[in-house]
Amino acid sequence: ERIKNLPLPMEARATLIASLVVPKAVYACAVNWPSESSLTKLRAQCTTAVWGQGNHWRAPEVVMTLLAKGHIADPVQAAAYQTITVASRVLRKQPELEQLFYEVLQRRRASRATHKGPGHAFIRALKNAHLDLNVENGCLAHRRVDLRNEEVPLLPWLQMSIPKLQHEIREAQRHEQWVRLAARRNS
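Everything in the sequence shown is counted per the working numbering, starting at 1 for the first residue and increasing by one.
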């Protein structure tokens with residue numbers, strides 16, 4: 001609330017949001033996924049704080065992909081980004097848990113369970129990032145047809161470097177945000 005009233009440029013307000021607001025809001029999201037209503041409400045507030053109050057004609061997808069670093073300033077993108085990154089780091093440190101993790105994901109998908117936990121958080125993060133995980137080969141894939149009509153490669157998420165994985169997550173999230181905006185605004 002106070003950040004949006006500061007007489008600072010948009011980039012500075014985005015940095016304040018990314019360093020003071022979003023980390024507290026998405027803390028431990030890899031274990032307990034936040035509710036959609038709380039994420040949506042916080043996203044609207046963060047977008048207003050970044051964009052300012054002067055013009056109400058703004059789409060959060062545009063503000064949080066073109067004008068701010070969405071993976072740190074947008075609670076929706078930050079939660080998914082952190083959840084996938086944390087899961088990758090944990091499974092790299094304890095590779096013996098990889099098969100158990102995949103088994104939990106398969107069972108959660110099959111049962112449509114509604115209780116929360118790390119499996120639920122990871123599935124929600126994949127959905128928000130517009131990614132799919134094939135547990136047979138351990139690869140992530142973008143859930144999209146590439147706009148350039150090129151084949152979208154499979155991503156061996158536990159074998160690739162963390163910075164490369166993070167880049168792929170950010171790319172998938174940007175695409176997902178643009179798809180959501182296009183679906184909402186047909187013009």
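Glycine included, each C-beta is placed from N, C-alpha and C at the ideal position.
Looking only at its chain, what residues have a beta carbon closer than 6 Å to the beta carbon of residue i, apart from the 5 residues adjacent to it on each side?
| i | result |
| --- | --- |
| Ala44 | none |
Over the uninterrupted beta strand (DSSP E) stretch that includes residue i, give me the two end residues.
| i | result |
| --- | --- |
| His142 | 139–142 |
Start and end of the alpha helix (DSSP H) containing residue i?
| i | result |
| --- | --- |
| Asn128 | 118–129 |
| Glu171 | 162–184 |
| Glu36 | 36–51 |
| Val135 | No alpha helix (DSSP H) contains Val135, which DSSP labels as neither H nor E. |
| Ile17 | Here Ile17 belongs to no alpha helix (DSSP H), and DSSP marks it neither H nor E. |
| Lys69 | Careful: Lys69 lies outside any alpha helix (DSSP H) and carries neither H nor E. |
| Val22 | 22–25 |
What residues in its chain sit with their C-beta under 8 Å from that of residue i, if we drop five residues either side in the sequence?
| i | result |
| --- | --- |
| His130 | His142, Arg143, Arg144, Ala172, Gln173, His175, Glu176, Val179 |
| Cys139 | Leu133, Leu154, Leu155, Pro156, Trp157 |
Should residue i be flagged as near chain B, meaning a C-beta pair shorter than 9 Å?
| i | result |
| --- | --- |
| Gly52 | Given the protein chain composition of this structure (a single chain), no chain B is represented. |
Who are the near neighbours of residue i in its chain, counting only those whose CB is closer than 7 Å to its CB and skipping five residues on each side?
| i | result |
| --- | --- |
| His71 | Gln77, Ala78, Tyr81, Arg170, Gln173 |
| Ala121 | Cys29, Ala30, Val31, Asn32, Trp33, Thr83 |
| Arg108 | Gly119, His120, Ile123 |
| Ile17 | Ile3, Cys46, Ala49, Val50, Ala73 |
| Phe101 | Leu91 |
Using CA coordinates, which residue listed in the options is at the minimum distance from residue i?
| i | options | result |
| --- | --- | --- |
| Arg92 | Leu16, Glu11, Ser161 | Ser161 |
| Gln159 | Ser111, Pro118, Pro95, Arg107 | Pro95 |
| Pro23 | Tyr102, Glu61, Pro9, Leu39 | Leu39 |
| Arg185 | Met10, Val62, Leu100 | Val62 |
| Leu181 | Arg112, Met64, Ser88 | Met64 |
| Trp51 | Ala14, Ser19, Tyr27, Ser35 | Ala14 |
| Leu66 | Glu11, Asn137, Glu103, Glu36 | Glu11 |
*Quick one: which unbroken alpha helix (DSSP H) runs of 4-plus residues sit fully inside the segment 88–122? Chain order, please.*
Runs found: 98–111.
*asked:* Would you call the segment 83–92 in contact with the segment 158–173, where contact means no fewer than 3 C-beta pairs closer than 8 Å?
replied: Between the segment 83–92 and the segment 158–173 there are three or more C-beta pairs closer than 8 Å, enough to call the two in contact.
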